[in-house]
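Everything below concerns the one structure shown next.
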Amino acid sequence: ETALHYLKKNNDQHYDVSDIANVDKATLRQLLSHQSGIPDYQQTPKWIRKGRGSDITSGFLWPKAEPLSFIQGEKAVFAPGHEFQECATNYTLLGLIIQGVTGNTAEDEIRNRILIPLGLDHTHLDSFEDSNTLNPAVASSSPSSKLSRPVLPKHYHYATPSFLETAGYSDECFEKVPGRWPYMIETTNTNFSAEWTAGGMVMTVKDMVVFGKALRDAQQEHASGEGETQALHEMFVHQEPENNAAPNDNSNSNSQFCIGIRKTTIPKLPCESIWTHDGKTLGFSTKLFWLDQSDCVVAVATNIGSAHSNLGQAEAWNVWLEN
Numbered sequence: 014e015t016a017l018h019y020l021k022k023n024n025d026q027h028y029d030v031s032d033i034a035n036v037d038k039a040t041l042r043q044l045l046s047h048q049s050g051i052p053d054y055q056q057t058p059k060w061i062r063k064g065r066g067s068d069i070t071s072g073f074l075w076p077k078a079e080p081l082s083f084i085q086g087e088k089a090v091f092a093p094g095h096e097f098q099e100c101a102t103n104y105t106l107l108g109l110i111i112q113g114v115t116g117n118t119a120e121d122e123i124r125n126r127i128l129i130p131l132g133l134d135h136t137h138l139d140s141f142e143d144s145n146t147l148n149p150a151v152a153s154s155s156p157s158s159k160l161s162r163p164v165l166p167k168h169y170h171y172a173t174p175s176f177l178e179t180a181g182y183s184d185e186c187f188e189k190v191p192g193r194w195p196y197m198i199e200t201t202n203t204n205f206s207a208e209w210t211a212g213g214m215v216m217t218v219k220d221m222v223v224f225g226k227a228l229r230d231a232q233q234e235h236a237s238g239e240g241e242t243q244a245l246h247e248m249f250v251h252q253e254p255e256n257n258a259a260p261n262d263n264s265n266s267n268s269q270f271c272i273g274i275r276k277t278t279i280p281k282l283p284c285e286s287i288w289t290h291d292g293k294t295l296g297f298s299t300k301l302f303w304l305d306q307s308d309c310v311v312a313v314a315t316n317i318g319s320a321h322s323n324l325g326q327a328e329a330w331n332v333w334l335e336n
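Under the numbering used here, the residue at position 66 of the sequence shown is numbered 79, and the numbers go up by one with no gaps.
What follows is the structure in structure tokens.
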């Protein structure tokens, strides 16, 4: 079935996806593996300024489906399944699909199915859940009956000429860093509601490692043929795009994106490859990976962001490479 088929279920938010390219053609797997060809709202000039730049409004909480309005009427990037391109729209649509299919919020489903079973008590979906808004059924299933929100440190962003041209400077939400301006700004007075299920998860590095270990164990079970569920099996299977295009990854071309996870070969490592996922938002960058066929799981998080700064790899990736 297509994404549109599932988006029509329990659409009590009355969001409109009728004018989003490929939503009536792309499958769920193509959304999950970034082969949908649906336009990426995070690459549109208006969203960049509204979500990460000059037009940010202090304290504004984005409605979950609002980012989709930035790609209404845009042309498809490619036919579904023909190429690969990372696209935040895919995971925003998946969040809405979770809500439509289950009748629950995406944050409740993520907590019930993943966070609570793994004991990830220091993880939350920013702006959409806290100890006062947890579903009572979810809260009662947690050992502490409360969500322990990680205390975010001050965070910063590289305000390169490219960032200032693309995103702009917000007098309301940004602060110039003494001695580092114009190349660094403080972004602490912002939230991640614009990201939601496409990158708004906040967690401690310890929780990142626990989550990474669970994924690594599942991947190793898949490799040995001992995996218990078809869903976990599918997560580590790469399906080549029809035109055989290489994933858009600046680190190297020996990379295969599966479902939410990428297998990458790095020549300088003693092992053959790593399984990895990284993230870049306003004020933060993260890198989570494990060495293939080993018990080594690494999580790196930095409170300096580089999105839209034209600096190549995320800062967290550079920190690991340098050390």
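Backbone N, C-alpha and C define an ideal beta-carbon position, used for all residues, glycine too.
On a predicted model such as this, the values are computed, not experimentally measured, just so you know.
Three-way DSSP call (helix, strand, coil) for residue i in this model
i	result
F205	coil
D32	coil
Y169	strand
I110	helix
D291	strand
E185	coil
W75	coil
T40	strand
L304	strand
Q55	helix
Q48	coil
G318	strand
Cβ-based neighbour list, residue i, same chain, cut-off 7 Å, excluding 5 preceding and 5 following
i	result
K189	I198
I343	Coverage of the chain is limited to positions 14 through 336, which leaves residue 343 absent and any answer about it impossible.
Residue nearest to residue i in terms of C-alpha spacing, selected from the options
i	options	result
E142	W303, L131 and W209	W209
G296	G213, G132 and T118	G213
I9	A231, I111 and G50	Absent from the structure is residue 9, since the part of the chain shown begins at 14 and ends at 336.
S67	V223, A172 and W303	A172
Q98	G108, P254 and A16	P254
L304	T278, Q56 and S49	T278
L20	A320, N103 and A89	N103
A320	L165, G72, E178 and S31	E178
G225	Y182, H246, P174 and L301	L301
V215	V164, N125 and P195	V164
T203	E185, A119 and P191	E185
C100	Y196, V218 and Q43	Q43
S175	T15, K22 and S322	S322
A211	E14, G325, E120 and G113	E120
Distance CB(residue i)-CB(residue j) smaller than 7 Å
i	j	result
I61	A180	yes
F83	K59	yes
H170	G292	no
T294	A314	no
L131	A227	yes
P93	S140	no
H135	D53	no
I287	L45	no
I111	E122	yes
V310	R229	yes
Residue range of the alpha helix (DSSP H) that includes residue i
i	result
Y196	Neither: Y196 is in no alpha helix (DSSP H) and is coded neither H nor E.
I123	A119 to I123
Other residues of its chain near residue i: CB distance less than 8 Å, five sequence neighbours each side excluded
i	result
K167	E199, T201 and N316
Residue range of the beta strand (DSSP E) that includes residue i
i	result
T315	V310 to T315
H137	T136 to L138
S175	Per DSSP, S175 belongs to no beta strand (DSSP E); it is in the alpha helix (DSSP H), P174 to T179.
R275	R275 to T277
Residues near residue i in its chain [Cβ-Cβ closer than 6 Å; skip 5 each side]
i	result
L17	V36 and D37
T57	F83
L74	S140 and S206
H290	I274 and L301
Q55	A101
Q306	none
Residue i beta carbon near the ligand ATP (any heavy atom closer than 6 Å)
i	result
L133	What this structure holds is no ligand at all, so the ligand ATP is not there to describe.
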